[in-house]
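The end of the sequence shown is residue 497 by my numbering, with every number in the run present.
Here the structure is laid out as structure tokens; the discussion comes afterwards.
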Amino acid sequence: MRVLFVAAEVAPFVKTGGLADVAGALPAALAAQGHDVRVIMPRYRAMRVRGVPADGPVGATFLPVGERAEEMRLLSGTNGAVPVYFLDIPAAFERDAIYGERDDHRRFILFARGVLAAMQHLREVDGWQPDVVHGHDWHAALVINYLKTYYAYTFGHIATVFTIHNLAYQGQGHPDLLSLAGLTEGGLVENGLGPGIANSFNCMARGIRFADVVSTVSPTYAREIMTMEYGERLDGLLRHRHDRVAGILNGIDTALYDPAHDAHIAAPYSADDVSGKAACKTALQERCGLEVNATRPLLGVVSRLVEQKGFVLLEAALPWLIQETSAQLVLLGSGDAHLESVFQRAAQQYGDRVSVRVGFDVALAQQIYAGSDAFLMPSRFEPCGLGQMIALRYGSVPIVRATGGLADTVREGLNGNGFVFHPFDARHFRDAIARALACFADPADWLQVRERGMRADHSWTRSAAAYGDLYDWARSFVRR
């Protein structure tokens with residue numbers, strides 16, 4: 018199939034989170050399976066300053082938005098073997114920030130209009146048009162809306178897939194933005210959007226409403242977002258469209274995250290020969306100023322310290338961890354100032370047991386995955402999660418809350434690969450850690466749990482095959 022990916026960020030060009038990893042890796046995996054995949058994204062100032070290679074312009078036009086029209090140039094490049102189109106819209110993206118500007122809604126209205134203009138150019142000049150347009154998160158949602166309304170005559174034969182990476186970010190704005198986006202003319206405010214949504218500007222809701230198929234980044238998250246607890250006030254709309262919603266687990270780059278060939282870690286190792294992992298643990302303890310002791314269980318954290326990630330539970334469990342266990346803790350992350358302060362104080366008070374680095378360091382992150390015995394992810398919610406999959410590959414046994422992609426990748430029991438707790442509270446988190454520490458004390462059992470995790474397949478190849486089936490499903494609705 019011919020597939021056009023639409024995303025606001027794509028690794029390695031621009032990355033603020035997991036969306037960029039998906040938009041960077043999944044197209045290549047799909048192309049390897051024979052699909053003709055192309056990607057379209059904004060050209061941000063940072064990309065121009067860094068000299069990201071781009072040819073062209075291969076096309077140019079003006080984009081109407083409200084009473085103005087803004088210039089757009091279409092540039093082209095590649096991400097490996099995958100063609101990439103960059104929308105150079107100075108009014109929207111010639112600035113320092115990727116997101117968080119006061120006019121973000123106007124910026125991504127322009128982006129959506131630019132994508133449709135680029136699609137017309139590719140059809141008329143290059144003779145290429147997609148069978149499927151795959152939009153990602155709220156920034157691409159209006160592309161889906163436009164394709165099924167204003168552009169239905171031109172592109173009505175194209176199937177659409179809309180992927181929710183994190184439902185909490187919806188691109189909501191004042192209802193006046195409907196006029197700016199041209200979504201109030203011709204009866205295009207659909208009653209089917211649901212109570213409180215039809216006459217509001219909510220990009221995420223519009224992507225969900227108009228897509229042929231809606232996907233999320235894990236099967237469990239697909240079910241969770243149809244509940245009031247996780248639905249972020251869109252659960253009613255999602256339940257209305259439940260027969261068009263699917264969940265596909267993200268993959269990881271198994272070439273990038275490979276302990277057998279990772280230049281950042283002290284010694285290579287694999288599921289077939291894990292002897293190098295002991296050297297990685299020693300090196301991590303030394304680097305972090307902890308007691309070098311192979312018998313002490315070493316717990317790792319690499320995360321944003323934000324409410325979603327659940328580290329208030331680690332804050333509550335920390336006194337128990339220090340006073341009643343022999344475990345060590347290495348934490349790398351930043352975010353909530355209170356949590357940063359709590360963990361930094363613990364590191365100052367218990368320097369031989371706790372090490373904290375505020376910020377992010379790629380090399381240290383890899384060393385934590387390789388050197389830790391277990392990896393903590395007590396998330397309140399987690400659409401997919403990559404940390405637990407990286408940890409599994411590196412033989413750091415995950416201790417996670419059963420939510421979203423964590424529930425889909427980590428299991429406890431006879432054939433388990435980690436340790437799982439359910440209610441979001443410190444006692445259950447502490448109990449899961451205690452079960453992990455008890456298992457660690459039995460080397461034979463621990464080796465089995467670790468090996469099962471290291472041998473699991475979390476590659477993009479598996480995920481890409483599932484997306485191929487999803488595209489076929491989406492096209493079935495267009496052909497009717």
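Note that beta-carbon positions come from the ideal geometry of N, C-alpha and C, so glycine has one too.
All of these numbers come straight from a predicted model, not from anything done at the bench.
Item                                                                                                                                                                    : Value
Could you say which of 373, 200, 47 lies nearest to residue 305 if we only look at CA atoms?                                                                            : 373
Flag this pair as yes or no: are the beta carbons of residue 24 and residue 89 separated by less than 8 Å?                                                              : no
Which of helix, strand or coil does DSSP assign to residue 273?                                                                                                         : coil
How far does the beta strand (DSSP E) with residue 352 in it reach, from first residue to last?                                                                         : 345-352
When we look at the beta-carbon of residue 464 and count the other beta-carbons within 10 Å, is it buried (16 or more) or exposed?                                      : exposed
Measuring only the C-alpha atoms, how far is residue 378 from residue 492?                                                                                              : 43 Å
Express the C-alpha separation of residue 219 and residue 393 in angstroms, rounding to a whole number.                                                                 : 34 Å
If distances are taken between C-alpha atoms only, which option among 289, 309, 118, 156 comes closest to residue 469?                                                  : 289
Given that a residue counts as buried once 16 or more other Cβ atoms are within 10 Å of its Cβ, and exposed if not, what is residue 480?                                : buried
Take residue 467 and list the residues in its own chain whose beta-carbon comes closer than 6 Å to its own, dropping the five residues that flank it on each side.      : 412, 414
For a minimum of 3 consecutive residues, which ranges assigned as the beta strand (DSSP E) are wholly contained in the stretch 127-172?                                 : 149-153
Provide the residue span of the beta strand (DSSP E) that contains residue 407, from first to last.                                                                     : Note, residue 407: premise wrong, no beta strand (DSSP E); alpha helix (DSSP H) at 404-410.
How should residue 79 be labelled, buried or exposed, when 16 other C-beta atoms within 10 angstroms of its C-beta is the threshold for buried?                         : exposed
Determine the direct distance from the alpha carbon of residue 114 to that of residue 197, and round the result to whole angstroms.                                     : 22 Å
Rounded to whole angstroms, what's the CA-CA distance from residue 161 to residue 240? Just pull it up for me.                                                          : 22 Å
Looking at the structure shown, is residue 373 part of a helix, part of a strand, or coil, going by DSSP?                                                               : strand
Should residue 484 go down as buried or exposed, given a rule of 16 or more other Cβ atoms within 10 Å for buried?                                                      : buried
From 367, 277, 434, pick the residue whose C-alpha is nearest to that of residue 340; which is it?                                                                      : 367
Using the three-state DSSP reduction, which class does residue 320 fall into: helix, strand or coil?                                                                    : strand
Across the stretch 58-74 and the stretch 97-111, are there enough close Cβ pairs to call them in contact, namely three or more that are closer than 8 Å?                : yes
What number of angstroms, rounded off, separates the C-alpha of residue 203 from the C-alpha of residue 381?                                                            : Low confidence applies to residue 203: its pLDDT is 40, below 50, so where it sits in the model is not reliable enough to give any reading.
What is the rounded straight-line gap between the Cα of residue 387 and the Cα of residue 348?                                                                          : 14 Å
Output needed for residue 118: all residues of its chain with C-beta closer than 7 Å, excluding positions within five of it in sequence on either side, in chain order. : 112, 124
On the DSSP letters alone, give me the boundaries of the alpha helix (DSSP H) that residue 468 sits inside.                                                             : 460-471
Pick from 163, 403, 334: whose alpha carbon is nearest that of residue 450?                                                                                             : 334
Throw me the rounded Cβ distance for the residue 200 and residue 225 pair, which I believe falls under 8 Å.                                                             : Actually they do not touch by this definition, with Cβ atoms about 15 Å apart.
Of the choices 432, 317, 344, 336, whose alpha-carbon is the least far from that of residue 395?                                                                        : 317
Please report how far the alpha carbon of residue 35 lies from the alpha carbon of residue 403, in whole angstroms.                                                     : 8 Å
Using a C-beta cutoff of 8 Å, does residue 35 count as contacting chain D?                                                                                              : Chain labels in this structure do not include chain D; a single protein chain is all it has.
Hey, how far is the Cα of residue 297 from the Cα of residue 495?                                                                                                       : 53 Å
Smallest Cα separation from residue 352: which of 361, 40, 375?                                                                                                         : 375
Reducing DSSP to helix, strand and coil, say where residue 30 ends up.                                                                                                  : coil
What is the residue span of the beta strand (DSSP E) that residue 89 lies within?                                                                                       : 85-96
Measuring straight from C-alpha to C-alpha, what distance separates residue 408 and residue 74?                                                                         : 43 Å
Looking at the structure shown, is residue 329 part of a helix, part of a strand, or coil, going by DSSP?                                                               : helix
Report the rounded CA-to-CA distance for residue 208 versus residue 170, giving the unit in angstroms.                                                                  : Note that residue 208 scores 43 on pLDDT, short of 50, meaning its location in the model is unreliable; the coordinates nonetheless yield the value given after this. Near 21 Å, if we compare the C-alpha coordinates of residue 170 and residue 208.
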